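*Asks:*
In this note's numbering, the protein residues as written are 1124 to 1234.
#1: Counting along the chain, where does the beta strand (DSSP E) carrying residue 1209 start and finish?
#2: Check residue 1170 in the structure and name its three-state DSSP category.
#3: Hey, residue 1189 and residue 1214: beta-carbon distance below 9 angstroms or not?
#4: Look at the Cβ atom of residue 1194, then the Cβ atom of residue 1210, and state whether they are nearer than 9 angstroms.
#5: To the nearest angstrom, report how far apart residue 1131 and residue 1226 are at their CA atoms.
#6: Reducing DSSP to helix, strand and coil, say where residue 1229 ends up.
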């Protein structure tokens, strides 16, 4: 590992803001076993770090898997002048809800 690699790791771990909420879940046996295997393979990382990182990646993957659903409204034009239509699928609403919950979690954290 180089110093640059180390800085990349630090950057990736430091950019996120932590919420004041904690979540307690019971994992299916095979999921818990996989988590424990990761902890054993990478002993310098905690269970909580793995859970937070894997959940974050999974949620990003969920969002990127939402299909684009073309609406009727033209929101822009591409470089060739062709219309680009709004997305009326899950993505815009999901992003709106995420933003709303970020604001709520931040304000709850301040109280």
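The beta carbon of each residue, even a glycine, is placed where N, CA and C say it ideally should be.
Bear in mind that the values here come from a model prediction, so they are computed numbers and not experimental data.
*Replies:* Looking at the coordinates:
#1: Here the beta strand (DSSP E) through residue 1209 covers 1206-1210.
#2: Helix.
#3: For residue 1189 and residue 1214, yes; Cβs fall inside 9 angstroms.
#4: A distance below 9 angstroms separates the beta carbons of residue 1194 and residue 1210.
#5: In this structure, the alpha-carbon of residue 1131 lies about 28 angstroms from that of residue 1226.
#6: Helix.
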